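For the sequence shown, counting from 1, position 85 maps to 1287 in the working numbering; every step adds exactly one.
Think of the CB as a built atom: it goes at the ideal place given N, C-alpha and C, for glycine as much as any other residue.
All of these numbers come straight from a predicted model, not from anything done at the bench.
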Amino acid sequence: MGQKMETKMYCQTGKGAFIAVFEELKSEEWYSMEAKPLPPEKPAQKQSFFQKLGLAFSSKPTTTTYNPPKKHVKGAFFIGDMKCPFCGNKSFVKCGSCGELTCFPEGGKRFKCIPCGNEGEISGTISDMDGDVNNDRKSDSSLSRPEQRKNGPTLR
Ligand SMILES: [Zn+2]
Ligand SMILES: [Zn+2]
């Protein structure tokens, strides 16, 4: 409990993506609490004059985009106070094909996945998600140190 998970979601209108913040309010029960807008993705740049003149070396590897390490989280997922910052939808669907999340209207039966274009009917509920988990209770790991007792009790 008390953990937070951030995962990227897309608006079904195609207006953009945002970060959904889930909070584990009960054990293995995750509630979406907050939507943090992502900066708009840069439109494809027109060819620069470097490309017209010749091929330029890349100055840096292009791995500096938002791409946090992901963790697999299991449990039940509920909609809390969060709604889609672009269209106000309060329901979300996980694509069975690519696993990305897209908003959809409440009561909707079909969804369209923005990142991969998959379309289909909605069935079942989400039981796992990949997200970036911020564990606020890092000290917990120090509680389990089974190595200490491997020689048996050392009472004198
Ligand atoms: Zn939306
Ligand atoms: Zn998809």
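- No residue range can be given for L1240, since it is assigned to no beta strand (DSSP E) and is classified by DSSP as neither H nor E.
- In chain order, T1209, K1272, K1273, H1274, V1275 and G1301 place their CB closer than 8 Å to the CB of D1332, counting only its own chain and leaving out the 5 sequence neighbours on each side.
- For K1210, the enclosing beta strand (DSSP E) has its first and last residue at K1206 to Y1212.
- In this structure, the CA atom of E1236 is about 36 Å from the CA atom of S1261.
- Within a 10 Å sphere around the beta-carbon of A1222 sit 16 or more other beta-carbons, which makes this residue buried.
- Between ligand 1 and the CB of N1336, the shortest heavy atom gap is not smaller than 6 Å.
- With respect to the C-alpha of F1306, the residue from M1203, K1285 and G1298 having the closest C-alpha is K1285.
- From the listed residues I1281, D1330 and S1293, the smallest Cα separation to C1213 is found for S1293.
- At least 7 Å separates the beta-carbon of K1314 from that of E1323.
- For C1297, same chain residues with a beta-carbon under 7 Å away, outside a window of 5 residues either side, are T1304, C1315, C1318 and N1320 in chain order.
- Residue state for I1281 is assigned as strand, using DSSP reduced to three classes.
- Assigned with DSSP and collapsed to three states, K1273 falls in strand.
- Ranked by Cα distance from Q1205, the options S1229, A1219, F1259 and M1211 are led by S1229.
- Assigned with DSSP and collapsed to three states, N1336 falls in strand.
- Sixteen is the threshold: when 16 or more other Cβ atoms of the shown chains lie within 10 Å of the Cβ of P1287, as they do, the residue is buried.
- Annotation for K1217: F1288 and C1289 place their beta carbon closer than 8 Å to its own, counting only its chain and skipping 5 residues before and after.
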